[in-house]
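Taking it in order: structure first as structure tokens, then the write-up.
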Amino acid sequence: MTRTRAAILESRNAPLSVREVSLSEPREREVLVKMEMAGLCRSDLNAIVGHTRYDMPLVLGHEGAGTVVRAGRNVTSLKEGDRVVLSWAAFCGDCFFCNKGLNHQCHTVAWPRGKGLLPDWTTRFSEGDKPIFHFNGVSSFSEYTVVYETGCVKVDDDIPFEVASVVGCSVVTGIGAVYNSAGVEKGSTALVVGGGNVGISVIQALKIKGAALIIAVDPKAEKHTLIKDAGADIVLSDISIDEIRKATGGFGVDYAFDGVATEETLNASLAAVRRAGIVVMVGYPHPLAKYSVQPIEFHLEKRIVGSLYGSSNPVRDIPRLLDFYKQGRLKLDGFSSGSYRLEEINEAIKALENNGGKYTITFN
Ligand SMILES: [Zn+2]
Ligand SMILES: [Zn+2]
40 MTRTRAAILE
50 SRNAPLSVRE
60 VSLSEPRERE
70 VLVKMEMAGL
80 CRSDLNAIVG
90 HTRYDMPLVL
100 GHEGAGTVVR
110 AGRNVTSLKE
120 GDRVVLSWAA
130 FCGDCFFCNK
140 GLNHQCHTVA
150 WPRGKGLLPD
160 WTTRFSEGDK
170 PIFHFNGVSS
180 FSEYTVVYET
190 GCVKVDDDIP
200 FEVASVVGCS
210 VVTGIGAVYN
220 SAGVEKGSTA
230 LVVGGGNVGI
240 SVIQALKIKG
250 AALIIAVDPK
260 AEKHTLIKDA
270 GADIVLSDIS
280 IDEIRKATGG
290 FGVDYAFDGV
300 ATEETLNASL
310 AAVRRAGIVV
320 MVGYPHPLAK
330 YSVQPIEFHL
340 EKRIVGSLYG
350 SSNPVRDIPR
360 LLDFYKQGRL
370 KLDGFSSGSY
380 RLEEINEAIK
390 ALENNGGKYT
400 ITFN
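For what it's worth, my numbering labels the leading residue of the sequence shown as 40, then goes sequentially.
Here you go:
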């Protein structure tokens, strides 16, 4: 049993309460991790405003990096002292989906995860005899947390925690969308809608893959320099089909990555791709949204492809993207717009609400 200070969501739209709670020992295939740094982004906000249906009280935080303190039974890939990146996309390795190579769809882990539980359908956090739930199986806004082995990826000791703490969610998602969901080939042309952390990661992955032309769209003019620096050849303020056709010999792009996922952006992305082109929906739509599309687009053999977590396997893909980082091909420094201590978590949330972006949380 460990005592740990954690940031707890008690009810929707309430400020988080930072206090000491109990954390029980890691069980089968679980590890106890001392957090060094966590990332705060929009998914945490979604839980606060009630776009997710987690039971409360809930320890928030869905990405971060730390050091392994103790491994539970049958943990083979991790030991005390390992530097690790946490990922919410843990998987069992032997279910209907895992056996098809679709680890990111693993239901054995995802079903309890959606209820705030670890894969054995229980919690490790508690206060007295009351359970406290785990956000996304990660709960990184806590000095210590217990996570499932495959959601905890060992990384090299020379990767700084500033970098390791922010790669587990949006960076994996953006790079995976290009590498796994779409399977982009060298020389392709692509449109990227939205220049947030996912969009910037998509652009960088396209560059690494050797895309011939990258057109990015973001309505915020002040972001355009950052988007260009990430590797976009053309940056537009809206999805101008005329401009996109002009830049692609009249055909349209091979791929469109829609990081916004509204009816408007999805239809514009569909219009922007050439015949037999692929739209990858990387953004998270409102869960109850309904869109209308013109099915003639499918007669032209255009496709819309879903992408959850960039169809990524964290154990396979996080070391790969950190290799890109070490080779200087993936820029990850400066991904955080500011750093706050755990006690200042509500100020960090305010900054996120007001300015967007991503923030890091420290524990000392
Ligand atoms: Zn599975
Ligand atoms: Zn996230």
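C-beta atoms are modelled at their ideal positions from N, C-alpha and C, and glycine is treated no differently. Nothing here was measured: the structure is a model prediction, and the numbers come from that model.
task: Assess, as a yes-or-no matter, whether the stretch 80 to 97 is touched by the stretch 142 to 149 under the definition of 3 or more beta carbon pairs within less than 8 Å.
output: no
### Query
Just how far apart, CA to CA, sit Lys139 and Glu382?
43 Å
C-beta contact flag for Ala129 and Thr43 at 8 Å: no
Note to self: Quick check: is any heavy atom of ligand 1 less than 7 Å from the C-beta of Thr147?
What the structure shows: yes
message = By the DSSP assignment, the alpha helix (DSSP H) with Lys73 in it spans what residues?
response = No alpha helix (DSSP H) holds Lys73; the beta strand (DSSP E) holding it covers 69 to 79.
Subject >> Cβ neighbours of Ser56 in the same chain (closer than 7 Å, five flanking residues each side left out) >> reply: Ile47, Glu49
Buried or exposed for Thr41, going by 16 or more other Cβ atoms inside 10 Å? buried
Practice prompt. Find the nearest neighbour of Val88 within the set Pro54, Arg58, His101, Glu119, judged by alpha-carbon distance.
Written response: Pro54
* **Inter-residue Cα distance where the pair is Lys248 and Gly222** => 10 Å
Collapsed DSSP secondary structure at Leu339 in the structure displayed: coil
>> Measuring straight from C-alpha to C-alpha, what distance separates Leu305 and Lys73?
In response: 41 Å
| query | Is there at least one non-hydrogen atom of ligand 2 closer than 7 Å to the beta-carbon of Glu49? | reply | no
- [ ] Report yes if the C-beta distance between Phe180 and Ala77 is below 8 Å; otherwise report no.
- [x] yes
Check your understanding: Just reading off the alpha helix (DSSP H) that Gly213 is part of, what are its end residues?
Key -> 211 to 215
Q | Three-state secondary structure (DSSP) of Asp159 | A | coil
- Item | Under 8 Å between C-beta atoms of Arg102 and Ser204 | The amino acid at residue 102 is misidentified as Arg; the sequence shows Glu. Contact flag set, yes.
Just to confirm before moving on: does the CB-CB distance between Ala245 and Gly270 stay below 8 Å?
Residue 245 is actually Leu in this sequence, not Ala. Yes.
Checklist entry - Under the DSSP definition of a beta bridge, which residues are partnered with Ile280? => result Ile280 pairs with nothing; no bridge assigned.
**Request:** Identify whether Leu327 lies in helix, strand or coil by the three-state DSSP scheme.
**Result:** coil
>> Using the Cβ count rule (16 or more neighbours within 10 Å means buried), how would you classify Gln243?
In response: buried
For the alpha helix (DSSP H) containing Ser240, name the first residue and the last one.
236 to 248
Item to complete: Measure the alpha-carbon distance for Ile357 versus Glu336 and round it to whole angstroms.
Response: 35 Å
Can you list, in chain order, the stretches of the beta strand (DSSP E) that have 3 or more residues and sit fully within the stretch 159 to 204? 164 to 166, 183 to 187, 191 to 193
*Locate the beta strand (DSSP E) running through Arg58, then write down its first and last residues.*
56 to 62
| query | Can you check whether the CB of Lys341 is closer than 8 Å to the CB of Gly316? | reply | yes
Problem - Rounded straight-line distance, which links the Cα of Ala255 to that of Asp272 - result: 8 Å
query = Measuring CA to CA, which of Val70, Phe136, Leu275, Thr115 is closest to Val107?
reply = Val70
From Gly238 to Val299, what distance separates their C-alpha atoms?
-> 9 Å
Q. Should Leu275 go down as buried or exposed, given a rule of 16 or more other Cβ atoms within 10 Å for buried?
A. buried
**Prompt:** Any chance the CB of Asp362 is under 7 Å from a heavy atom of ligand 1?
**Reply:** no
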